[in-house]
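Read the structure below first, then the notes.
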Amino acid sequence: MYDFKPTPDAPKNAIYRDLLSAAEGLTAGERDGVANMANVAALLWEFLPDLNWAGFYRVVDGELVLGPFAGRPACIRIPFGRGVCGVAAKDAATQVVADVHAFSGHIACDPASRSELVVPVQREGVVIAVIDLDSPSPARFDDEDAKSIEALAALLSKRI
Ligand code: SME
Numbered sequence: 002m003y004d005f006k007p008t009p010d011a012p013k014n015a016i017y018r019d020l021l022s023a024a025e026g027l028t029a030g031e032r033d034g035v036a037n038m039a040n041v042a043a044l045l046w047e048f049l050p051d052l053n054w055a056g057f058y059r060v061v062d063g064e065l066v067l068g069p070f071a072g073r074p075a076c077i078r079i080p081f082g083r084g085v086c087g088v089a090a091k092d093a094a095t096q097v098v099a100d101v102h103a104f105s106g107h108i109a110c111d112p113a114s115r116s117e118l119v120v121p122v123q124r125e126g127v128v129i130a131v132i133d134l135d136s137p138s139p140a141r142f143d144d145e146d147a148k149s150i151e152a153l154a155a156l157l158s159k160r161i
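Take my numbering: the last position of the sequence shown gets the number 161, and nothing is skipped along the way.
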């Protein structure tokens, strides 16, 4: 049985330390990328407060296709350059969006979403997926969230 549990009211750096440690432990011995994305989506959902969506879009034939996630059903295909996810994939750059309503081209899968963090996962310089986090609170994500999810993306580079 896996028993990775966030400590209630832990500071953000401790939450991310434990999340990364759990992700490392869960994915280390498994070569199936879908299984690893599924478990990491579950960890993100369980460890990070104030989210309404957490998961992956994978690059398939030049577009983003919905991968394992936690939250409400979401849009399935996103072209490169469209929405927050598509921009992150096209530019290979993390997107921290404090107010999704102010982001031109934002794709509203869930009208409850107010802020968003999208981090590309790269393997040998090529974007292979993005990690997408949505929150019902404005400006939910800061630089520490971005850096921590970038560390998670680096960990997953050869495991998804
Ligand atoms: N809002 C995203 C689409 C994906 S959903 O948030 C799960 C975007 O603009 O790319």
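Don't be surprised by glycine CBs; every beta carbon is placed ideally from N, CA and C.
(request) Could you check what DSSP says for Gly30 in three-state terms: helix, strand or coil? (result) Counting from 1 along the sequence shown, the entry for residue 30 is found at position 29. DSSP places Gly30 in coil when its eight states are reduced to three.
(request) Whole angstroms is fine: what's the gap from Pro69's alpha carbon to Val97's? (result) In the sequence shown, the residue the question calls residue 69 occupies position 68. In the sequence shown, the residue the question calls residue 97 occupies position 96. Cα-Cα distance, rounded: 21 Å.
(request) Along the alpha helix (DSSP H) that carries Asp92, what are the first and last residues, could you check? (result) Position 91 of the sequence shown, counting from 1, holds the residue named residue 92. Judged by DSSP secondary structure, Asp92 falls within the alpha helix (DSSP H) whose first and last residues are Gly84 to Asp92.
(request) Please list, in chain order, all residues with a C-beta atom less than 5 Å from at least one heavy atom of the ligand SME. (result) This selection yields Trp54, Ala75, Gly84, Val85, Cys86, His107, Ile108, Cys110 and Asp135.
(message) With a threshold of 6 Å on Cβ separation, who are the neighbours of Gln123 within its own chain once the five nearest residues in sequence on each side are excluded?
(response) Position 122 of the sequence shown, counting from 1, holds the residue named residue 123. For Gln123, where only same-chain residues beyond five positions count, there are no Cβ hits under 6 Å.
(message) For a test of the three-state rule: what should DSSP assign to Glu125, helix, strand or coil?
(response) As a first step, residue 125 must be located in the sequence shown, where it is residue number 124. Correct three-state label for Glu125: coil.
(request) Helix, strand or coil for Ile1, going by three-state DSSP, please let me know. (result) No answer is possible for residue 1: it lies beyond the span of the chain, which begins at 2 and ends at 161.
(request) Between the Cα of Asp135 and those of Asn53, Ala43, Ala23 and Asn40, spot the shortest distance and give me the residue it belongs to. (result) As a working note, residue 135 is residue 134 in the sequence shown. When the alpha-carbon of Asp135 is set against those of Asn53, Ala43, Ala23 and Asn40, the nearest one is in Asn53.
(request) Report, in whole angstroms, the separation of the C-beta atoms of Ile132 and Val120, which I expect to be a contact under 8 Å. (result) Position 131 of the sequence shown, counting from 1, holds the residue named residue 132. Position 119 of the sequence shown, counting from 1, holds the residue named residue 120. At roughly 5 Å, the Cβ-Cβ gap stays under 8 Å, so Ile132 and Val120 are in contact.
(request) Return the chain-ordered list of same chain residues with a C-beta closer than 8 Å to the C-beta of Pro80, the five sequence neighbours on each side being excluded. (result) As a working note, residue 80 is residue 79 in the sequence shown. Hits under 8 Å: Glu64, Leu65 and Gly87.
(message) Using 7 Å as the threshold, is the C-beta distance between Ala71 and Ala89 below it?
(response) In the sequence shown, counting from the first residue as 1, residue 71 sits at position 70. In the sequence shown, counting from the first residue as 1, residue 89 sits at position 88. Not closer than 7 Å, so no.
(message) For the ligand SAM, is there any heavy atom lying closer than 6 Å to the beta carbon of Ser136?
(response) No copy of the ligand SAM appears in this structure; the ligands present are the ligand SME.
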